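Numbering (our numbering), first residue to last: 3 to 522. Below is one structure, written out as structure tokens; the observations come after it.
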């Protein structure tokens, strides 16, 4: 199996988009004159129909120095997913690209020579953002290699590394089955996601075959999907999914049954497609269904149940699963804009050691620590930072929030600070390449010329990253748009990147860098 696929399951990108947020509330205004914007940007702004006051545009030399272009750069706006640049950049600086998370195991009784544990098995989550199916399977295979075969007690889970309020996935936008709405969890299993996989059924002509990955204990898939239509198009729009749970039938040792019912039509032209979903029962319920199944697949036996339990204070660590390093995980966060991984990393900043006896990580601690780090990194010689005060407001570190705020100046100066730091190569490599991959693959007019993080919510469109100029210079580029029709101005963001690229003077023109500065 390809190593990258093991670390990034095929549905990973779909966990992250968060495209549908609660509507942005703002007073619509008539388009205002674009003023001193360069002609290509003024034309793009006019075509969008948005007022110039709804848009912040900033182009800075990556190394340091004054802006080449600054329009509404100090206006504080909702940044959407470009806020992940604060979280991932600070994590690389504070933790280092080689940082890893540990998921620990302790024995709650004696382990016999033939692999029988006379008691419970304790499992302590350490906040690993990438504990997906393949990693869980490898972790359990290590248990078997260490001699564990049969657990006569329960599998007890300690999630105390994070102290976060209960998470309701419907709160942000009402889309409770969208994987991007997953909440943080000290033992985050498979990003709390499942996948419905559809394909034409060769054994039943005229019907689609639907499977559930991963299979879960106590879950029934009831799917009747006919093959119908020619073009694939909006294939999910032709399907109706219903999820429902029933009463526990076999006592408290078994989770309540769930039924996933799927009806509708599926075009043969679609081939094989994945429909990722956030597990509706939540993280604790998912653990109760997933862990026993995977343990059986690994050749083990569990006589008890999966439930919450405190880590024994005096028990030594019997086994510890070490995650992939932070560097590759930051790549997954930024390339695919993975919200729940960013949330995990945000909390890890508040308590990187995750050691017994230490207080759990909280959102308040993470906000304070990350905010202070960014402000200190962006201070000038006079002690001023463009991120002071309300210019930077942090919430969950992912940008999937109506509370997080930043100005273009704050984000731009932060990217300058990261550019000057030793971890610049790791952050740059984690960003989507324009017109090539990740969330920036649609930026075809500037293909291969920029590393860019994109952001999108209802009423918010954003872009931030580094562009390679024709002159050989590198430019920090930031564009933030807050307006009910923000999507209409997306061509402006692409035009901003293109303008930043074309920084070399032609034989018949002056230096565009100097010209832009003179016209501001």
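Backbone N, C-alpha and C define an ideal beta-carbon position, used for all residues, glycine too. This one's a predicted model, so the numbers in the text were calculated from it and none came from an experiment.
Three-way DSSP call (helix, strand, coil) for residue 347 in this model: If DSSP states are grouped into helix, strand and coil, residue 347 belongs with the helices.
Beta strand (DSSP E) segment containing residue 275, residue limits: Residues 275-280.
Rounded straight-line distance, which links the Cα of residue 481 to that of residue 399: Going from the Cα of residue 399 to the Cα of residue 481 covers about 19 Å.
Residue 180 versus residue 384: straight-line alpha-carbon distance, rounded: Straight-line Cα distance between these residues: approximately 46 Å.
Residue 86 to residue 494 span [Cα, whole Å]: Spanning the two alpha carbons is a distance of roughly 22 Å.
Validate contact between the stretch 317-332 and the stretch 377-395 using beta carbons, cut 8 Å, 3 pairs: The stretch 317-332, when compared against the stretch 377-395, does not touch it at the 8 Å Cβ threshold.
Residue 237 (DSSP reduced to helix, strand or coil): Three-state DSSP puts residue 237 in coil, outside helix and strand.
Residue 61 at chain B interface by Cβ criterion, 9 Å: Considering every chain present, this structure includes no chain B. It has just one protein chain.
Beta carbon of residue 410 nearer than 9 Å to that of residue 158: Not closer than 9 Å, so no.
Residue interval of the alpha helix (DSSP H) (run including residue 413): Looking at the DSSP string, the run of the alpha helix (DSSP H) that includes residue 413 is 410-421.
Residue 163 and residue 280 closer than 9 Å at C-beta: Cβ atoms of residue 163 and residue 280: not closer than 9 Å.
Close Cβ partners of residue 234 (< 7 Å) along its chain, the five nearest in sequence each way excluded: Closer than 7 Å at Cβ, skipping near neighbours: 269, 271, 272.
Helix, strand or coil at residue 323 [DSSP, three-state]: Here DSSP, grouped into helix, strand and coil, assigns residue 323 to strand.
Runs of beta strand (DSSP E) wholly within the stretch 258-318 (minimum 3 residues, chain order): Qualifying beta strand (DSSP E) stretches, in chain order: 260-268, 275-280, 308-310.
Which residues DSSP lists as bridging residue 245, in chain order: Residue 245 pairs with 262.
7 Å CB neighbourhood of residue 433 in its chain, flanking five on each side removed: If we look at residue 433 and ignore the five residues flanking it on each side, its Cβ neighbours are 336, 453, 454, 455, 467.
Opening and closing residue of the beta strand (DSSP E) in which residue 211 lies: Per DSSP, residue 211 belongs to the beta strand (DSSP E) from 210-215.
Supposed close pair residue 121, residue 110 - CB separation, criterion 8 Å: That pair is a contact at about 4 Å.
Alpha carbon of residue 285 to alpha carbon of residue 155, nearest angstrom: In a straight line, the C-alpha of residue 285 is about 21 Å away from that of residue 155.
Stretch pair the stretch 293-305 + the stretch 193-211: three plus CB contacts closer than 8 Å: No, they do not touch.
Span of the beta strand (DSSP E) around residue 63: Unbroken beta strand (DSSP E) run through residue 63: 57-63.
Span of the beta strand (DSSP E), counted from its first residue to its last, around residue 340: First-last for residue 340: undefined, no H or E at that position.
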